[in-house]
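Basically this note's numbering = 1-based index in the sequence shown + 1142. This report concerns only the one structure given below.
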Amino acid sequence: MDQSRHQKKSLPDEPHKIAIVAVEPALHAVLLSIEPFRAANRLSKSPLFKFDFLSADDSPIVTTLNISIPSTAKFEDATLYDVVFLHSSYEFSSDRKGPLYKWLRRQATAKALICAIDAAPLLLAEAGLLTGYTATSHWSTIASFKELHPGTNVVEQLFVVDRDRVTCAGQVACLDQSLFLLEQLGGATLREIVANEIVYPSFRGESAQQRHIINGNAWHTNPVLLKAQHLMRQSIEEPLSIGELANRCGVSKRELQHLFRRHLRASPKSYYLTFRLQRAKELLLYSTLSIRETGLASGFSSPATYFRAFRDRFNSSPMNYRKAFQGSSALPDGRRLY
């Protein structure tokens, strides 16, 4: 992040201009993004932040709850912002991308701090504004993000600040991100006062994890299994053999199999397959990869093996699974992975 522009430790003489650009966003994510700044305004003698809301077509912003937020500015306006929050569902019609991308590039050229939230980092990358950056997005889009934009270093964490770009997992993480940004713009004392005001003292930093591993029928804290699960998640496209997995965990293959059956009621092979099929589902739902490519990216070198494993687990072919989701009214804010 540019130190001279964004890490101010004193309150500004003029309000920081913040733009909220949203396309079919989750209402709570929009509200959580701006709440720390709204609270700071209320607690200050004079406004510290000024907000504008923009949509892709200048009409009111329609959220996933069908509650509309009026637009207060247009892409054609000459205003340059200090901070831009970009909210979007995964599906975004191509005919609306041109004006949005042009506006984003103009704001980026003027050194705005651009914050993309949930699935919006994929739009920011498509606009060419994340090449050479480290970024994150909601965990359900991480796999497709990596496949579609190899020029971006994609990581799975709560939010990422890389120079003049901020990317965030969305949902409740919006609040953590905005409290962090509030500190960069107004100092630690302001952040602490606002965190107390909104009753959110347990601020999570950017490197916090987005999700916990769900262990099926049993919760455990076994260090060997936790390491094995981590290695499985990190080695999906090129799966490790069970022997190599055991070796990296510092146990014998037999001991690893025993631990999995005792704590997770599954073999290491079956458990590993669950991770790989979950990755396949994420790619089928949130990427434009071909059916065969989703299999390759999930560690299946043979299409026949991929189709058989998918059908055995989900009673559907990968193609039919993708078609069913694309026809669902829940598509804009889906996440129906299970």
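For glycine and all other residues, C-beta sits at the position ideal for the given N, C-alpha and C. If you're wondering where the values come from, they're calculated on a predicted model, not measured in any experiment.
Under the three-state DSSP convention, the category residue i falls into
{"i": "LYS1187", "result": "coil"}
{"i": "ARG1418", "result": "helix"}
{"i": "ASP1440", "result": "First, the residue type needs correcting, since residue 1440 is Ser and not Asp in the sequence shown. Coil at SER1440, not helix or strand."}
{"i": "HIS1372", "result": "helix"}
{"i": "PHE1402", "result": "helix"}
{"i": "THR1447", "result": "helix"}
{"i": "GLU1155", "result": "Strictly speaking, residue 1155 in this sequence is Asp, with Glu absent from that position. ASP1155 falls in the coil class under three-state DSSP."}
{"i": "THR1276", "result": "strand"}
{"i": "ALA1360", "result": "Its pLDDT being 48, under 50, ALA1360 is placed unreliably by the model, and the measurement read from it follows with that caveat. If DSSP states are grouped into helix, strand and coil, ALA1360 belongs with coil."}
{"i": "ILE1162", "result": "strand"}
{"i": "LYS1411", "result": "helix"}
{"i": "LYS1192", "result": "strand"}
{"i": "HIS1291", "result": "coil"}
{"i": "VAL1172", "result": "helix"}
{"i": "PHE1227", "result": "strand"}
{"i": "ARG1307", "result": "strand"}
{"i": "PHE1345", "result": "coil"}
{"i": "PRO1460", "result": "helix"}
{"i": "VAL1393", "result": "coil"}
{"i": "LEU1324", "result": "helix"}
{"i": "LYS1465", "result": "helix"}
{"i": "LEU1264", "result": "helix"}
{"i": "LEU1207", "result": "coil"}
Cβ neighbour criterion (16 or more within 10 Å) applied to residue i
{"i": "ILE1162", "result": "buried"}
{"i": "ALA1472", "result": "With a pLDDT of 41 at ALA1472, under the threshold of 50, the predicted position of this residue should be treated as unreliable, and no value is reported."}
{"i": "GLU1166", "result": "buried"}
{"i": "ASN1359", "result": "Here the model assigns ASN1359 a pLDDT of 45, short of 50, so the residue's position is not dependable and the matter cannot be decided."}
{"i": "LEU1207", "result": "exposed"}
{"i": "LEU1185", "result": "exposed"}
{"i": "ASP1200", "result": "exposed"}
{"i": "GLN1376", "result": "exposed"}
{"i": "GLN1326", "result": "buried"}
{"i": "PRO1263", "result": "buried"}
{"i": "GLU1289", "result": "buried"}
{"i": "VAL1314", "result": "exposed"}
{"i": "SER1132", "result": "The shown model of the chain, from 1143 to 1480, leaves out residue 1132, and the question about it has no answer."}
{"i": "HIS1291", "result": "buried"}
{"i": "ILE1209", "result": "exposed"}
{"i": "ARG1403", "result": "exposed"}
{"i": "THR1447", "result": "exposed"}
Closest by C-alpha distance to residue i, when choosing among the options
{"i": "ILE1256", "options": "PHE1227, LEU1323, GLY1312, LEU1265", "result": "PHE1227"}
{"i": "HIS1158", "options": "LEU1324, LEU1265, ARG1396, LEU1382", "result": "LEU1324"}
{"i": "PHE1467", "options": "PHE1456, LEU1426, CYS1391", "result": "LEU1426"}
{"i": "ILE1211", "options": "THR1221, LEU1222, ALA1198", "result": "ALA1198"}
{"i": "GLU1177", "options": "SER1394, GLU1424, PHE1193", "result": "PHE1193"}
{"i": "LYS1253", "options": "PRO1241, THR1221, ILE1259, VAL1366", "result": "THR1221"}
{"i": "PHE1191", "options": "GLY1328, LEU1300, HIS1291", "result": "GLY1328"}
{"i": "PHE1287", "options": "THR1447, THR1436, ARG1450", "result": "THR1436"}
{"i": "TRP1281", "options": "GLU1424, ASN1457, SER1459", "result": "GLU1424"}
{"i": "ILE1160", "options": "ALA1171, ALA1311, TYR1223", "result": "TYR1223"}
{"i": "PHE1179", "options": "ARG1353, GLU1379, ILE1335", "result": "ILE1335"}
{"i": "LEU1398", "options": "ARG1418, GLU1379, PRO1365, LEU1419", "result": "PRO1365"}
{"i": "GLU1268", "options": "SER1429, PHE1417, CYS1391", "result": "SER1429"}
{"i": "VAL1341", "options": "GLU1156, LEU1174, HIS1291", "result": "LEU1174"}
{"i": "THR1416", "options": "SER1394, ALA1451, PRO1343", "result": "ALA1451"}
{"i": "LEU1271", "options": "PHE1402, ASP1304, ALA1285", "result": "ASP1304"}
{"i": "GLU1339", "options": "VAL1172, ALA1182, LEU1196", "result": "ALA1182"}
{"i": "GLU1156", "options": "HIS1170, PRO1189, ALA1171, ALA1164", "result": "PRO1189"}
{"i": "GLY1347", "options": "GLN1299, ARG1353, ASN1462", "result": "GLN1299"}
{"i": "LEU1242", "options": "SER1349, LEU1196, PRO1343, ALA1171", "result": "LEU1196"}
{"i": "HIS1405", "options": "ARG1333, ASP1306, LEU1367, ARG1464", "result": "LEU1367"}
{"i": "SER1203", "options": "ALA1164, VAL1225, LYS1187", "result": "Here the sequence assigns Ile to residue 1203, which means Ser is not the residue at that position. Ranking ALA1164, VAL1225, LYS1187 by Cα distance to ILE1203 puts ALA1164 first."}
{"i": "ALA1422", "options": "PRO1460, ARG1238, ASP1306, THR1309", "result": "PRO1460"}
Whole-Å CB distance - residue i paired with residue j, under 8 Å assumed
{"i": "THR1283", "j": "ALA1261", "result": "5 Å"}
{"i": "LEU1265", "j": "SER1213", "result": "Actually they are not in contact, since the Cβ atoms of LEU1265 and SER1213 sit about 18 Å apart, beyond 8 Å."}
{"i": "TYR1414", "j": "PRO1381", "result": "6 Å"}
{"i": "ALA1311", "j": "PHE1322", "result": "About 13 Å; that fails the 8 Å criterion."}
Proximity test, Cβ basis, 8 Å: residue i and chain C
{"i": "CYS1391", "result": "The structure shown has no chain C; it contains just one protein chain."}
For this session: Give a yes or no on contact between the segment 1245-1262 and the segment 1214-1232, applying the rule of three or more CB pairs nearer than 8 Å.
Result: yes
Problem set entry | the segment 1434-1444 touching the segment 1293-1300, judged by at least three CB pairs closer than 8 Å | no
For this session: For the segment 1369-1387 and the segment 1310-1321, state whether three or more C-beta atom pairs, one from each stretch, are separated by less than 8 Å.
Result: no
Problem set entry | Any 3 or more C-beta pairs closer than 8 Å across the segment 1409-1417 and the segment 1380-1387 | yes
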